[in-house]
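Asks: Quick mapping for you: the protein sequence lines, in order, are chains P and W. Just add 28 to the spot in the first sequence (first one is 1) and you have this note's numbering. Just add 6 to the spot in the second sequence (first one is 1) and you have this note's numbering.
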Amino acid sequence: METSRREFLKGVGVAAAGSAVGFPAVVSAQARKGVPSGPVKIGVMPIRAGVAAPVGAAGQRGVEWWAERVNKAGGILGRKVELVFEEESNPKDTLERFRKLALQAKVDVIVGGISTAVGLALGPAAEELKMLWLSWDGTTQKGVEETMPNPTYAFRSVDNEVEAIGGALLTAKYFKGVKTIAGINNDYSYGHDCWETYQAVLKRYTPGVKSVLELFPKLGVTDFTSHIAAIQQAKPDLLMTSFWSGDTTILMKQAAAVGLFKTMKACFTTGGGVHDSLKKEFTPEGLILGYNSMYFNHAGASPLLKQFVREYKAKYGEYPPYECDHGYFTVESYKAGVEKAYKAAGEWPSKEQVAKALEGIEVESLSGKRSWRADHVQMCNFFQGITTHKNAFDFVTIDPVEVLPTAKIMKPTTSTKLLDWINATFPLKG
Amino acid sequence: MAANLVNILMGGVFHAAILFLVAAGLQVVFGVQRIFNLACGSFYALGAYVGVSAVQAFTAAGGPPALFILPLALAGLLVGVVGVVVERGLLSFVYDRDETFQLLLTFALVLMLEDVVRLTWGTAPYSTSALYLTYGQVNLLGATVPVYNLIVIGASLAIALGIGWLLARTAFGRIIRAAADNREMAEALGVDMRWVYAKVFTLGTALGTLGGALVIPATAAMSEMGIELIVEAFAVVVIGGLGSMRGAFVGALVVGVFRAVAIAVYPELEMLMIYLIVIAVLVLRPRGLFGRVAV
Numbered sequence: 029m030e031t032s033r034r035e036f037l038k039g040v041g042v043a044a045a046g047s048a049v050g051f052p053a054v055v056s057a058q059a060r061k062g063v064p065s066g067p068v069k070i071g072v073m074p075i076r077a078g079v080a081a082p083v084g085a086a087g088q089r090g091v092e093w094w095a096e097r098v099n100k101a102g103g104i105l106g107r108k109v110e111l112v113f114e115e116e117s118n119p120k121d122t123l124e125r126f127r128k129l130a131l132q133a134k135v136d137v138i139v140g141g142i143s144t145a146v147g148l149a150l151g152p153a154a155e156e157l158k159m160l161w162l163s164w165d166g167t168t169q170k171g172v173e174e175t176m177p178n179p180t181y182a183f184r185s186v187d188n189e190v191e192a193i194g195g196a197l198l199t200a201k202y203f204k205g206v207k208t209i210a211g212i213n214n215d216y217s218y219g220h221d222c223w224e225t226y227q228a229v230l231k232r233y234t235p236g237v238k239s240v241l242e243l244f245p246k247l248g249v250t251d252f253t254s255h256i257a258a259i260q261q262a263k264p265d266l267l268m269t270s271f272w273s274g275d276t277t278i279l280m281k282q283a284a285a286v287g288l289f290k291t292m293k294a295c296f297t298t299g300g301g302v303h304d305s306l307k308k309e310f311t312p313e314g315l316i317l318g319y320n321s322m323y324f325n326h327a328g329a330s331p332l333l334k335q336f337v338r339e340y341k342a343k344y345g346e347y348p349p350y351e352c353d354h355g356y357f358t359v360e361s362y363k364a365g366v367e368k369a370y371k372a373a374g375e376w377p378s379k380e381q382v383a384k385a386l387e388g389i390e391v392e393s394l395s396g397k398r399s400w401r402a403d404h405v406q407m408c409n410f411f412q413g414i415t416t417h418k419n420a421f422d423f424v425t426i427d428p429v430e431v432l433p434t435a436k437i438m439k440p441t442t443s444t445k446l447l448d449w450i451n452a453t454f455p456l457k458g
Numbered sequence: 007m008a009a010n011l012v013n014i015l016m017g018g019v020f021h022a023a024i025l026f027l028v029a030a031g032l033q034v035v036f037g038v039q040r041i042f043n044l045a046c047g048s049f050y051a052l053g054a055y056v057g058v059s060a061v062q063a064f065t066a067a068g069g070p071p072a073l074f075i076l077p078l079a080l081a082g083l084l085v086g087v088v089g090v091v092v093e094r095g096l097l098s099f100v101y102d103r104d105e106t107f108q109l110l111l112t113f114a115l116v117l118m119l120e121d122v123v124r125l126t127w128g129t130a131p132y133s134t135s136a137l138y139l140t141y142g143q144v145n146l147l148g149a150t151v152p153v154y155n156l157i158v159i160g161a162s163l164a165i166a167l168g169i170g171w172l173l174a175r176t177a178f179g180r181i182i183r184a185a186a187d188n189r190e191m192a193e194a195l196g197v198d199m200r201w202v203y204a205k206v207f208t209l210g211t212a213l214g215t216l217g218g219a220l221v222i223p224a225t226a227a228m229s230e231m232g233i234e235l236i237v238e239a240f241a242v243v244v245i246g247g248l249g250s251m252r253g254a255f256v257g258a259l260v261v262g263v264f265r266a267v268a269i270a271v272y273p274e275l276e277m278l279m280i281y282l283i284v285i286a287v288l289v290l291r292p293r294g295l296f297g298r299v300a301v
């Protein structure tokens, strides 16, 4: 996974070309009543630097693939789509670029946002600027508590802790004898929340399960030999981690070097984020591995996903990770929202009308059906399973694949108290 | 019990081995040139990336996997020549300026090199895949230890001895020490300081790039890996004493082993532990364990 300079410039080129073809589009667009002639401007904010840069690149590629297809098919209600890029970095700078997109570039919608720290800044800004914002992966949660219960313009990702709940369900199902667990998670909100939630759900199935070690290395650490020594000393039955970036690969490799997973099970709730770097040589079979909300190798994949995987592989030489679909879904749902609101209004809808139309809307995304809940939270399926070497790749895949819908593994409203809901919901019946 | 102890110690010493190389580069440059090179972490990252590329080229050309350490170490050493370019092309202009300029310049290098890495190798983690496991494992008192870790520790130790020999027993070492003690006097005695500076800075750079190359099979290269390490390298330098090679060696061991022990005993202290030692050293012995009184 890499964003080379050339490709980056190409991205800029696409945006530039989009604006160039915007004028010819005048002709075709006039066919529709009440639709402006210029292109639809979509602000896109991918992370370009740091540990999350590959995630940002994946989201951007998903959006670009969508834009290319939509423009080929005539755009949104005949208007071409033009992508305007601004980088996501720290909350303060990202907020400024968000304002720039809204006020200066005057985009129609902004998609992007992976970090929840950034999401917490963009959510209120979207409301204040009355700018539609469809988040890829960032939420507006502080810990597991919602900070924006009734947004008008902000649409955010699934609850941060959903993957940990899925991981706990699979742990209870596949690793029945687990009595002691250890956790290694990054030292920030996502890491802590995932670890707490994972334990809470697992305890609903195995009440006596005990945590024997909690490790919280900071994000960006590249040497886990000492952490692994501590895990060996604690001798848990299972190691849980919510690592999602390159540290997953490093942990897996350094664990393999001392045979760690010969003596314990493991649950990598989010490791599928770097799935094609988890080579068979050092990634054992029989671990739980989560692919977030898109699994490239799913047997039940739609023709759309199959085509995407094929073209992605041809273009970038690798297999797509989940963030592609967060990106794809936000723009595809925007298009559907505009078209739905247009039908009702008879003219190009305002941002408010699109926002209303988006509530509860369901579209065909790469991973299958995805929707926005009425309270502006993403709904989708999560894919987790047991690692296997039986495939044609040099990295692991999962078999069986468990499909976990957010309707089951996410609390039903943003105001629901997480622990109360966990205690009332799990163990799941049937 | 013994196995756990070995695991914890080996984890700490492995970390210390890499830390020593970067800190040694920092020390040798500061000792002679009085420049605090913030970019030493970036050289470390550069070495890592070039190392991976060299190993990939080596295996693609049909080189036997068991010999991968040769192109790796060679690439790590060779990329050290960027040191000459940086020293002659940039640093040589700011020797007479205020220290702030030197700090700013090396910080600018940090930012530029990070972008160079990103534009050249992309943003995704970059690694030598499973080569790390090529040399297998040995059993030490019941603990499984990767042989590659032992190779890195051995290499780092050999380099430490080599530097000690270079400084104490060779003509170049004498010149370095003379220049560190009294630059004007060394110049008056006919030493061409431009050459000494270029060589010393290249040596410092090569230590960092070699460290980056050697660590990479056990981990993965990421564009911000240098920044993570430089904080610990600073702690090493403060503990060991600014400008002292022996200080870099002992400081690296202290940081590496105490970090490993903290993680095993009380993981919340992982980062704090290092700073507690730094604070203790600053309070009790401000010039560091092996630092000389400022002249």
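Backbone N, C-alpha and C define an ideal beta-carbon position, used for all residues, glycine too.
#1: Within a Cβ cutoff of 6 Å, which residues of the same chain sit near P/Phe51, ignoring the five residues on either side of it in sequence?
#2: Would P/Lys246 pass as an interface residue toward chain W - the criterion being a Cβ-Cβ separation below 9 Å?
#3: W/Glu274 CB to nearest chain P CB: under 9 Å?
#4: State the Cα-Cα distance for the pair P/Thr311 and P/Phe423, rounded to the nearest angstrom.
#5: Rounded to whole angstroms, what's the CA-CA distance from P/Phe203 to P/Trp164? Just pull it up for me.
#6: Taking just the CA atoms, how far does W/Ala136 sit from P/Lys281?
#7: For P/Tyr356 versus P/Trp161, is the C-beta spacing smaller than 9 Å?
#8: Listing by chain order, which chain W residues have their CB less than 9 Å from the CB of P/Phe85?
#9: Please tell me whether P/Pro82 has its Cβ less than 9 Å away from any Cβ of chain W.
#10: Looking at the C-beta of P/Asp9, does it have a partner C-beta in chain W at a distance below 9 Å?
#11: Suppose the cutoff is 8 Å on Cβ atoms and the five residues either side in sequence are ignored; what does the same chain contact list for P/Leu447 look like?
#12: Using beta carbons (cut-off 9 Å, strictly below), is W/Thr3 in contact with chain P?
#13: State yes or no: is the C-beta of P/Val67 within less than 9 Å of the C-beta of P/Arg97?
#14: Indicate whether P/Glu174 and P/Ser443 have their beta-carbon atoms separated by less than 9 Å.
#15: Please report the distance separating the alpha-carbon of W/Ala174 from that of W/Leu76.
#16: Mind checking which residues open and close the beta strand (DSSP E) that includes P/Pro428?
#17: For P/Pro235 and P/Ala420, what's the separation of their Cα atoms in angstroms?
#18: By Cβ distance below 6 Å, which residues in the same chain neighbour W/Gly57 in space, the five residues on each side in sequence not counted?
#19: Could you tell me which residues DSSP puts in a beta bridge with P/Phe113?
#20: How about W/Gly86 and W/Thr215: do their beta carbons lie closer than 9 Å?
#21: Since P/Arg127 contacts P/Ala153 with CB under 8 Å, what's their CB separation in whole angstroms?
#22: For W/Tyr281 and W/Glu274, I'd like the C-alpha separation in whole angstroms.
#23: Mind reading off the beta-carbon distance from P/Ala80 to P/Ser143? Whole number of angstroms is fine, and I expect it under 8 Å.
#24: Which residue wins for smallest C-alpha separation from P/Ile70, given the options P/Asp403, P/Asp136, P/Arg60?
#25: In its own chain, which residues sit with a C-beta less than 6 Å from the C-beta of P/Ala364, not counting the 5 before and 5 after it?
#26: Could you give the distance in angstroms between the alpha-carbon of W/Arg293 and the alpha-carbon of P/Arg76?
#27: Could you tell me whether the Cβ of P/Gln261 comes closer than 9 Å to any Cβ of chain W?
#28: Among P/Thr269, P/Leu247, P/Leu230, P/Ala284, which has the Cα closest to the Cα of W/Gln143?
#29: Assuming the contact rule is C-beta atoms closer than 8 Å, P/Ala342 and W/Ala270 should be a hit. Round their C-beta distance to whole Å, please.
#30: Under 9 Å between C-beta atoms, does W/Met279 make it to chain P?
#31: Between the C-alpha atoms of P/Asn451 and W/Leu248, what's the straight-line distance to the nearest angstrom?
#32: Using three-state DSSP, classify W/Tyr141 as helix, strand or coil.
#33: Which partner residues of P/Thr358 appear in the DSSP bridge assignment?
#34: I'd like to know if W/Met199 contacts chain P, where contact means its C-beta is closer than 9 Å to some C-beta of that chain.
#35: Starting from W/Thr150, find everything on chain B with Cβ-Cβ shorter than 7 Å and list it in chain order.
#36: Helix, strand or coil for P/Ala182? Go by DSSP, reduced to three states.
Replies: On the basis of the coordinates in this document:
#1: Reliability fails at P/Phe51, whose pLDDT of 45 lies under 50, so the model's placement of it is uncertain and the value that follows must be treated cautiously. Same-chain partners within the cutoff: there are none.
#2: So, interface residue.
#3: Yes, W/Glu274 counts as interfacial toward chain P.
#4: Approximately 8 Å between the Cα atoms of the pair.
#5: Cα atoms of P/Phe203 and P/Trp164: separation of roughly 32 Å, rounded to the nearest angstrom.
#6: If I take the Cα positions, the gap works out to 7 Å.
#7: A distance of 9 Å or more separates the beta carbons of P/Tyr356 and P/Trp161.
#8: One point to set straight first is that residue 85 of chain P is Ala, not Phe, in the sequence displayed. Under the 9 Å cutoff, chain W gives Gly128, Thr129, Ala130.
#9: Yes, its Cβ sits closer than 9 Å to a Cβ of chain W.
#10: This structure does not reach residue 9 of chain P, given that chain P is present from 29 up to 458, and the question cannot be answered.
#11: Only Ala228 meet the Cβ criterion.
#12: Residue coverage of chain W in this structure runs from 7 to 301, which leaves residue 3 of chain W outside it and unanswerable.
#13: The identity of residue 67 of chain P in the sequence shown is Pro, whereas the question assumes Val. Going by C-beta atoms, P/Pro67 is not nearer than 9 Å to P/Arg97.
#14: Yes; because the gap between Cβ atoms is below 9 Å, this pair is in contact.
#15: W/Ala174 and W/Leu76: Cα-Cα distance of roughly 28 Å.
#16: Here the beta strand (DSSP E) through P/Pro428 covers 425 to 433.
#17: Looking at the two C-alpha atoms, the distance is approximately 40 Å.
#18: Leu78, Ala81, Gly82, Ala219, Ile222, listed in sequence order.
#19: Secondary-structure assignment with DSSP links P/Phe113 through a beta bridge to P/Val72.
#20: Judged by beta-carbon spacing, W/Thr215 lies within the 9 Å limit of W/Gly86, meaning their Cβ atoms are closer than that value.
#21: Contact flag correct, Cβ pair sits at about 7 Å.
#22: The alpha-carbon atoms of W/Tyr281 and W/Glu274 are separated by roughly 13 Å.
#23: About 7 Å separates the two Cβ atoms, so the contact holds.
#24: Considering only alpha carbons, the answer is P/Asp136.
#25: Closer than 6 Å at the Cβ level, and outside the excluded window around P/Ala364, lie Ile389, Val391.
#26: Near 41 Å, if we compare the C-alpha coordinates of P/Arg76 and W/Arg293.
#27: Output row for P/Gln261: interface = yes.
#28: Of the listed residues, the one whose Cα sits closest to W/Gln143 is P/Ala284.
#29: Not quite, the Cβ-Cβ distance comes to about 47 Å (not below 8 Å), so this is no contact.
#30: So, not an interface residue.
#31: The straight-line gap from Cα to Cα measures roughly 56 Å.
#32: In the structure shown, W/Tyr141 sits in coil (DSSP, three-state: anything other than H, G, I, E or B).
#33: P/Thr358 has no beta-bridge partner at all, per DSSP.
#34: Any Cβ of chain P closer than 9 Å to the Cβ of W/Met199 would place that residue at the interface, and such an atom is absent.
#35: You won't find chain B in this structure, because its protein chains are P and W.
#36: In the displayed model, P/Ala182 falls within a strand according to three-state DSSP.
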